[in-house]
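> Below is one structure. I have some questions about it.
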Amino acid sequence: MQTDKNVRDAKRIETLDYLRGFALLGIIFINIGQMVFATTDKTAADTAVNTFMNIAVSHRFFVIFSFLFGVGFYLFVSRAKERGDRAMLLFTRRLLLLLAIGLVHHFFQPGEALLIYSILGFLLMPFFKLKPAVVFLTGFILTIAGCFTVFLLEIWGLFLLGLWAGQIGLFRQTDRYRRGFLITMTVSFLFLVPSYYVQEEILERTGMVDVAFAAGGLSFSVFYVTALTLILRSRLAQRLLEPLKYLGRMALTNYLMQTVMILSLSAFFNWPERIHSSQLALTAAGILLIQMAASTWWFRYYRMGPAEYLWRLGTYGTKSVRLSSGMSETTVKG
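FYI, the numbering for the sequence shown is 297 to 630, going by the numbering used here.
See the structure below:
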């Protein structure tokens, strides 16, 4: 028998919360355009927004989220094993719950990621005990192959690269890997322009949108992750970007609520094919500001988001997880 204190006391890697929050910043700008079709009558502002999206946003943040899912898998399983729990059984429960959430969410947001993540998550489990070098090589090959073939291969590959990052303690020991982060950030920065050129060439020559953005997006994603990780070494940066941490700490809740808010606003104002893409971008920015403020307020009183609470409750069993920091400890059943 274990206590919820065991779950809580495992030191939280706050860099991952910042990264999840950062990923949410970009994902909403893509999802809002998939849920609400903008007018085809373009303004100069629309053109500027669309150009920026193609350069800096499209397929960049989904890559980060997929990578972080793999990191989360390693942390969840390794901590469960440390507590003496049946780690793979718990992770299976976790995936099945995510599958249920994804199925419901899919009806409202067909481009959502939870359903895919829950299914491909099972393919992570056999790799947990493999050597980091094997996991990295497999993940790298699948990621590159997936960029030019089957999109699901890229996601699986990114999951494995995240698992590898967890295995070597990449975000637990950022001081140790500082030089590696710096080199990787520099190299990825140098590849930003060539990557965008490849993206546009594929679009122009083949019209294969998914392949183009997948091929062009990896360098941007790597640059974002490494640059933000290095920036967060500064305490000042941590304070200034603190709303991102809280946004990412309840990423599942905020991801689902983005769909609720977008669809509610669209229905109320009758947006489809009437609103401009630049206006959608402003709406997405407004939703993010609301979510960052709400998330910051929430964590003054609670230790996890509502969706995260229900997810963990279903994983560990009834009456096993505390939502409020003021509630008494209860037993976690593995």
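We put the beta carbon where it would ideally sit given N, CA and C, even for glycine.
Closest to Arg308 by CA distance: which of Phe477, Val367, His572, Arg382 is it?
Indexing the sequence shown from 1 puts residue 308 at position 12. Looking at the Cα atoms, Val367 is the closest of the given residues.
> Buried or exposed: where does Phe418 fall if 16 or more other Cβ atoms within 10 Å of its Cβ makes it buried?
For the purposes of this step, residue 418 is taken as the residue at position 122 of the sequence shown. Answer is exposed; the Cβ neighbour count stays below 16.
> How long is the line joining the alpha carbons of Leu391 and Ile415, rounded to whole angstroms?
As a first step, residue 391 must be located in the sequence shown, where it is residue number 95. As a first step, residue 415 must be located in the sequence shown, where it is residue number 119. Leu391 and Ile415: Cα-Cα distance of roughly 8 Å.
> Could you tell me if Leu315 is buried or exposed, where buried requires 16 or more neighbouring beta carbons within 10 angstroms of its beta carbon?
As a position in the sequence shown, residue 315 is number 19, starting the count at 1. Burial call: buried.
> So does the stretch 427-438 actually touch the stretch 501-515, counting three or more Cβ pairs closer than 8 Å?
no
> Return the chain-ordered ranges of every alpha helix (DSSP H) run that is complete within the stretch 400-480 and spans a minimum of 4 residues.
410-416, 428-444, 447-463
> With DSSP run on the structure shown, which of helix, strand or coil describes Trp567?
Stepping through the sequence shown from its first residue, residue 567 is reached at position 271. It is coil, neither helix nor strand.
> Using beta-carbon positions only, say whether Met588 and Thr522 come within less than 8 Å of one another.
Here residue 588 refers to the residue found at position 292 when the sequence shown is read from its first residue. Here residue 522 refers to the residue found at position 226 when the sequence shown is read from its first residue. Cβ distance not < 8 Å, so Met588 and Thr522 don't count as in contact.
> Would you call Glu408 buried or exposed, if buried means 16 or more other Cβ atoms sit within 10 Å of its Cβ?
Here residue 408 is taken as the residue at index 112 of the sequence shown, counted from 1. Classification of Glu408: buried, given that the 10 Å Cβ count is 16 or more.
> Do the CB positions of Ser530 and Leu454 come within less than 8 Å of each other?
Residue numbering aside, residue 530 sits at position 234 when the sequence shown is read from its first letter. Residue numbering aside, residue 454 sits at position 158 when the sequence shown is read from its first letter. Leu454 is positioned such that its CB atom lies no closer than 8 Å to that of Ser530.
> Taking the alpha-carbon positions, what's the Val556 to Glu538 distance?
One-based indexing of the sequence shown puts residue 556 at position 260. One-based indexing of the sequence shown puts residue 538 at position 242. If I take the Cα positions, the gap works out to 24 Å.
> Work out the CA separation of Ala563 and Gly544 for me, nearest whole Å.
Here the question's residue 544 lines up with position 248 in the sequence shown. Here the question's residue 563 lines up with position 267 in the sequence shown. In this model, Gly544 and Ala563 are separated by some 27 Å (Cα to Cα).
> Taking only heavy atoms of the ligand NAD into account, decide whether any of them is closer than 7 Å to the Cβ of Leu578.
The ligand content of the structure shown is nil, which means the ligand NAD is not present either.
> Alpha carbon to alpha carbon, how far is His402 from Leu448? Give it in angstroms, no decimals.
Here residue 448 refers to the residue found at position 152 when the sequence shown is read from its first residue. Here residue 402 refers to the residue found at position 106 when the sequence shown is read from its first residue. Answer to the nearest angstrom: the Cα atoms are 17 Å apart.
> What three-state label does DSSP hand Ser515 in the structure shown?
In the sequence shown, residue 515 corresponds to position 219, counting from 1. Correct three-state label for Ser515: helix.
> Assign Phe358 to buried or exposed, taking buried as 16 or more other Cβ atoms, counted over all protein chains shown, within 10 Å of its Cβ.
By one-based count along the sequence shown, residue 358 stands at place 62. With 16 or more other Cβ atoms within 10 Å, it is buried.
> Can you give the beta carbon distance from Phe333 to Leu559, rounded, assuming they're within the 8 Å contact cut?
Here residue 333 refers to the residue found at position 37 of the sequence shown. Here residue 559 refers to the residue found at position 263 of the sequence shown. Actually they are not in contact, since the Cβ atoms of Phe333 and Leu559 sit about 13 Å apart, beyond 8 Å.
> Pick out whichever of Ile351, Ala580, Ala383, Leu385 has its Cα sitting closest to the Cα of Tyr551.
One-based indexing of the sequence shown puts residue 551 at position 255. Out of Ile351, Ala580, Ala383, Leu385, Ala580 has the C-alpha closest to the C-alpha of Tyr551.
> Under 8 Å, do Leu488 and Ser517 count as touching if we go by C-beta distance?
The residue you call residue 488 lines up with position 192 of the sequence shown. The residue you call residue 517 lines up with position 221 of the sequence shown. No, they are not a contact pair.
> Would you give the residue range spanned by the alpha helix (DSSP H) that Arg501 belongs to?
The residue you call residue 501 lines up with position 205 of the sequence shown. Segment 488-502, the alpha helix (DSSP H) holding Arg501.
> Just mark Gly622 as buried or exposed, buried being the case when its beta carbon has 16 or more other beta carbons within 10 Å.
As a working note, residue 622 is residue 326 in the sequence shown. With a pLDDT of 43 at Gly622, under the threshold of 50, the predicted position of this residue should be treated as unreliable, and no value is reported.
> Using only the alpha-carbon positions, how far apart do Phe467 and Ser574 sit?
Locating residue 467 in the sequence shown gives position 171, counting from the first residue. Locating residue 574 in the sequence shown gives position 278, counting from the first residue. So the alpha carbons of these two residues sit roughly 36 Å apart.
> Ala352 lies in the alpha helix (DSSP H); which residues open and close that run?
In the sequence shown, counting from the first residue as 1, residue 352 sits at position 56. Careful: Ala352 lies outside any alpha helix (DSSP H) and carries neither H nor E.
> If you drop the 5 nearest sequence neighbours on each side, which residues of the same chain put their C-beta closer than 7 Å to that of Pro428?
Reading the sequence shown from its first residue, position 132 is the one you call residue 428. Counting only Cβ-Cβ distances below 7 Å, and skipping sequence neighbours, we find Trp460, Gln463, Ile464.
> Would DSSP call Ser530 helix, strand or coil?
The sequence position of residue 530 within the sequence shown is 234, counting from 1. Ser530: coil per DSSP, three-state reduction.
> Within 10 angstroms of its Cβ, does Ile241 collect 16 or more other Cβ (buried), or is it exposed?
No answer is possible for residue 241: the residues shown for the chain start at 297 and end at 630.
> Spatial neighbours of Trp567 within its chain, please: C-beta separation below 6 Å, excluding the five flanking residues on both sides.
The count along the sequence shown starts at 1 and reaches residue 567 at position 271. For Trp567, where only same-chain residues beyond five positions count, the Cβ hits under 6 Å are Val332.
> Tell me the rounded alpha-carbon separation between Phe318 and Arg382.
For the purposes of this step, residue 318 is taken as residue 22 along the sequence shown, with counting starting at 1. For the purposes of this step, residue 382 is taken as residue 86 along the sequence shown, with counting starting at 1. Near 32 Å, if we compare the C-alpha coordinates of Arg382 and Phe318.
> How close, in whole Å, do the beta carbons of Leu394 and Tyr413 come, if the pair is a contact with beta carbons under 8 Å?
Here residue 394 refers to the residue found at position 98 of the sequence shown. Here residue 413 refers to the residue found at position 117 of the sequence shown. So it is a contact: roughly 7 Å between Cβ atoms.
> Determine, using beta carbons only, whether Trp594 and Gly601 come nearer to each other than 8 Å.
In the sequence shown, the residue the question calls residue 594 occupies position 298. In the sequence shown, the residue the question calls residue 601 occupies position 305. Yes.
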